[in-house]
Every structure is written in C-alpha cells, then in structure tokens.
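S.K.: Residue numbering for the sequence shown follows this note's numbering, beginning at 9 and increasing consecutively.
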Amino acid sequence: MFDPESENVKAVDWDETDMENENIEAEDGRLNNEAADVEVRHLTKIYGLNRAVDALSFTAYRGNVTVLLGHNGAGKSTTFSILTGLTNPSAGSIRICGTDLNPTTLRLCQKNIGFCPQYNPLFKLLTVREHLQLIRKLKNNSDDCVDELIDELQLHDKADIVSCFISYTV
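What follows is the structure, encoded as structure tokens:
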C-alpha cells in the first residue's frame, strides 16, 4: 500500500506552476468542470538502479480520454500501480479528484478510480449478471442497479450467459 511516510519516498512540494511533460498534450473541449480528476507531478519510481517511471507529470480531466502509451517496460503498469495505491512512488505527488493521495486519503481516492488490468479479470463460470452483482455488493449499491446497468448497456441478450462463452468485443 502507498505509504509516503516510508523512508524510500521523497516528498516533492506541489507547485501550481509545474509544467506538464512536453510530449503529453491535453485535449480541447474540456467539460465545464475544469477540476482535474487526476493530477500527477514529478512521479518517479526507482527499483534498484532502474528508473521505471522518471519524473512523469500529467493531468487527466473528466470527460476526456487520457492515454499512456509506451513500449514494454516504459512504466505504464508501474504508474497505474502507484495511482491505485498498490505501489509506493520514490518521489512525486498525486491528486485524485482534488485530494492529495496519502495513507489517510487512500481509501477515498481509491473509490474514485477504476482500473482495468491487462489480463482477463472475469471469473469464467459467472454470468455477466453475476459479475455485475458481485461488483454491486463490493460497492454497496442498491439491488436494482444491476438491472439498470444491463438496460443502459443493452446487455439483455448477454446478461445470463457464462462469461467464458462471450467474445471480448461485446
């Protein structure tokens, strides 16, 4: 878990004048809510002599698609592990929905992040509906939210099919 009090974490003061990485461009047409959902400044992760992430800075806004692209070993997975609190950064700062990520706010920040891993997270013997019910229980949502989501996503014909029999393109 993320622990900025760790002796391996170097604090970096938040500076509103920090420039984003030159190779990361913000999309035009942001929504009226200009508050950033994710703000990363000087994020660095070092494993021994290897810099997995090197002073990465970017801002992600609600309603826009933000993509981290890079070759294998570029630090994409490490960055997301840090953003989700699974790994400690070596240096840098992170804000999630305006809240600084730290041990006190970790749970609050995690409620605002969804993370889709690069492997298939579905249980092969559960149906689509059962997967949604599982997530509903984890999130303490109302019983009817699963049916509402199935309606919204137009999954009626797939809802009761075991996930191992469904194409990833559904």
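Ideal Cβ positions, reconstructed from N, Cα and C, are used throughout, including at glycine. Owing to the predicted nature of the structure, the values given are computational and were not obtained by experimental measurement.
How long is the line joining the alpha carbons of Gly106 and Gly93, rounded to whole angstroms?
M.R.: Computed Cα separation, rounded: 16 angstroms.
S.K.: Could you give the distance in angstroms between the alpha-carbon of Gln162 and the alpha-carbon of Asp155?
M.R.: Taking the straight line from one Cα to the other gives about 10 angstroms.
S.K.: Assuming Leu134 is part of the beta strand (DSSP E), what are its boundary residues?
M.R.: It is not in any beta strand (DSSP E) - Leu134 carries neither H nor E in the DSSP assignment.
S.K.: Provide the residue(s) that pair with Ile104 in DSSP beta bridges, ordered along the chain.
M.R.: For Ile104, which the question treats as bridged, DSSP gives the partners Val46, Thr107.
S.K.: Considering Cα atoms alone, identify which of Ile121, Thr86, Leu157 is closest to Leu64.
M.R.: The shortest Cα separation from Leu64 among Ile121, Thr86, Leu157 belongs to Thr86.
S.K.: Pop quiz: Gly83 and Val61 are said to be a contact at Cβ under 8 angstroms. What is the actual Cβ separation, rounded to whole angstroms?
M.R.: Contact flag correct, Cβ pair sits at about 4 angstroms.
S.K.: Taking the continuous alpha helix (DSSP H) assigned at Ser85, which residues delimit it?
M.R.: First-last of the alpha helix (DSSP H) with Ser85: 84 to 91.
S.K.: Would you tell me roughly how many angstroms separate the C-alpha atoms of Lys119 and Val170, rounded to the nearest one?
M.R.: The alpha-carbon atoms of Lys119 and Val170 are separated by roughly 28 angstroms.
S.K.: Our contact map puts Ile104 next to Ile121 with C-beta atoms below 8 angstroms; I'd like the distance itself, whole angstroms only.
M.R.: Contact flag correct, Cβ pair sits at about 6 angstroms.
S.K.: What residues match up with Lys53 in a beta bridge as DSSP calls it?
M.R.: The partner list for Lys53 (beta bridge, DSSP) reads Val61.
S.K.: Where Leu133 and Cys172 are concerned, what is the direct C-alpha to C-alpha distance, given to the nearest angstrom?
M.R.: Leu133 and Cys172: Cα-Cα distance of roughly 7 angstroms.
S.K.: Among residues of its own chain, excluding the 5 on either side of His164, which ones have a beta-carbon nearer than 7 angstroms to its beta-carbon?
M.R.: Excluding sequence neighbours, His164 sits near Ile158.
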